[in-house]
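Numbering (full-length UniProt numbering), first residue to last: 1 to 327. Note that beta-carbon positions come from the ideal geometry of N, C-alpha and C, so glycine has one too. As the structure is a computational prediction, the values presented were derived from the model and not from experiment.
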C-alpha cells in the first residue's frame, strides 16, 4: 500500500482483502456495465445554480455556477476520497462568488455527478474539466485540491483556455512511490480493484461512518474539523453508487504513476502551489517544480492539507497576488 494510506485505512483495506479472498475465488467479478444512475437526493454543496453537462459514455457531470461579477471565470475542483464533493471548496466559493464568475466542478462519481458502476480513470476526470472549460467558452483560472490537482494539470496540458493553475496541497510532488499510488505497472491496479470490488459494499460502509470520516478529515486540519464538512461528507457518501469511484481511488487507478515527470514538469502556464504539511501527500520535488520560471510556491504555515478552511485570508491573499501578476 502507498504511504499515504495510514494505519486505519490499512486496517480497513486489510479486513476487506481477507474477506474478499473466498468471494473472489468463487465469484469472479464481471465487467462493469454502464447503467443509469439512480436519482440523487443530495443537498447543494455551495450556493449558486447546480447545473449539469453530459460526457458521452459516462452521463451527467455536475457543476455549480455563479456568473456574477467580472473578470476571468474561476473553476474550483475538489479532491478525491471516499466522501469528496464541491463542499471541500466552499470557503473559496464563498470568498469569490459575486465578485467574479465562479464555477465548482464535481468530478465524475462524486457529489451530484452521476455515479455509474464503470471504470474511473484520470482521463475521465480530465474530460469532465475540459468539457466545462469548453462550456464556458473562454479563458479560465483553475484551482485544484490534492489529487484534483493532477487532473487539472493534465487538462491544462491539453486545453489552452486554462490560463492559470493554483494547486492546493497537490498530490504527485513527492518521490515516486510503489503500491497503489502507482497502480501497478502490470495491470494498472485492476487486480486490486477486483479484490476490493468483491467486498466493496461492506468496505465502503466502514469508510463512510462518522468515526472514519472524522478521522481522515482530522488529518487535514490543524485545529477542529469543520462540522459542515463532516455533515456533508456523511450525506454524499449515502447517495446511490457512492462506492464506485472511491474503489478506483483506493486501488490506485486514479493516480498518475509519476505526476511530476508526466504532468507538472511539462506545464507552461503560470502555476501557484499553496502548501504546508499534509497527512496524505509529500512535497520532496516541490523545490524542482518551484525552480521552473512559471511556478510560484507559497507556504501557508499552520495548515494540514485544507489551508483554505483554516487560513482563508492568507490563501486568498496568495491567490489574489498570483492572479494579479497573471492577468
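Tell me residue i's beta-bridge partners as DSSP assigns them.
i           : result
residue 104 : 64, 76
residue 49  : 65
residue 166 : 143, 272
residue 59  : 55
How about residue i and residue j: do their beta carbons lie closer than 8 Å?
i           : j           : result
residue 162 : residue 143 : no
residue 259 : residue 148 : no
residue 273 : residue 297 : yes
residue 168 : residue 152 : no
residue 129 : residue 157 : no
residue 331 : residue 101 : Any property of residue 331 remains undetermined from this structure, which presents the chain solely from 1 to 327.
residue 227 : residue 42  : no
residue 247 : residue 230 : no
residue 126 : residue 84  : no
residue 340 : residue 131 : A query on residue 340 cannot be resolved here, the shown segment of the chain reaching from 1 to 327 and no further.
residue 108 : residue 55  : yes
residue 118 : residue 96  : no
residue 81  : residue 249 : yes
residue 315 : residue 295 : no
residue 59  : residue 114 : yes
residue 275 : residue 299 : yes
Exposed or buried, which one is residue i when buried takes at least 16 other CB atoms within 10 Å?
i           : result
residue 196 : Only weak support exists for where residue 196 lies, its pLDDT of 44 falling under 50; the value from the coordinates is given anyway. Per the 10 Å Cβ criterion, buried.
residue 138 : exposed
residue 145 : buried
residue 266 : exposed
residue 301 : exposed
residue 268 : exposed
residue 150 : buried
residue 238 : exposed
residue 319 : buried
residue 317 : exposed
residue 116 : buried
residue 79  : buried
residue 292 : exposed
residue 261 : exposed
residue 170 : buried
residue 209 : exposed
residue 322 : buried
residue 180 : Note on residue 180: pLDDT 39, under 50, position unreliable in the model; the coordinate value appears next. It is buried - the Cβ of residue 180 has at least 16 other Cβ atoms within 10 Å.
residue 327 : exposed
residue 99  : exposed
residue 251 : buried
residue 305 : buried
residue 57  : exposed
residue 112 : buried
residue 325 : exposed
residue 212 : buried
residue 174 : buried
residue 71  : exposed
residue 31  : Since pLDDT at residue 31 reaches only 37, below the 50 mark, its modelled position is unreliable, and the value read off the structure follows with that caveat. It is exposed - the Cβ of residue 31 has fewer than 16 other Cβ atoms within 10 Å.
residue 64  : buried
residue 198 : With a pLDDT of 46 at residue 198, under the threshold of 50, the modelled position of that residue is not reliable, and no figure is offered here.
residue 313 : exposed
The ligand FAD heavy atoms versus the CB of residue i: any closer than 7 Å?
i           : result
residue 265 : The ligand content of the structure shown is nil, which means the ligand FAD is not present either.
Three or more C-beta pairs closer than 8 Å, one from the segment 265 to 284 and one from the segment 122 to 130: is that the case here?
-> No: the two stretches stay apart, fewer than three of their Cβ pairs being nearer than 8 Å.
Can you list, in chain order, the stretches of the alpha helix (DSSP H) that have 4 or more residues and sit fully within the segment 272 to 304?
-> Counting whole runs of 4 or more residues, the segment 272 to 304 contains the alpha helix (DSSP H) stretches 286 to 290.
Segment contact flag, the segment 84 to 98 with the segment 286 to 293, C-beta cutoff 8 Å, min 3 pairs = No, because fewer than three Cβ pairs between the segment 84 to 98 and the segment 286 to 293 fall closer than 8 Å, the two stretches do not touch.
Residue ranges of each alpha helix (DSSP H) within the segment 87 to 141, 4 or longer | Listed in chain order, the alpha helix (DSSP H) elements of length 4 or more contained wholly in the segment 87 to 141 are 90 to 96, 122 to 136.
Counting pairs of beta carbons, one from the segment 220 to 234 and one from the segment 309 to 318, are three or more of them closer than 8 Å?
-> In short, these stretches touch, since the Cβ pair count reaches three.
Unbroken stretches of the beta strand (DSSP E), 3 residues or longer, contained in the segment 209 to 256 | DSSP assignment within the segment 209 to 256 yields no whole beta strand (DSSP E) run of 3 residues or more.
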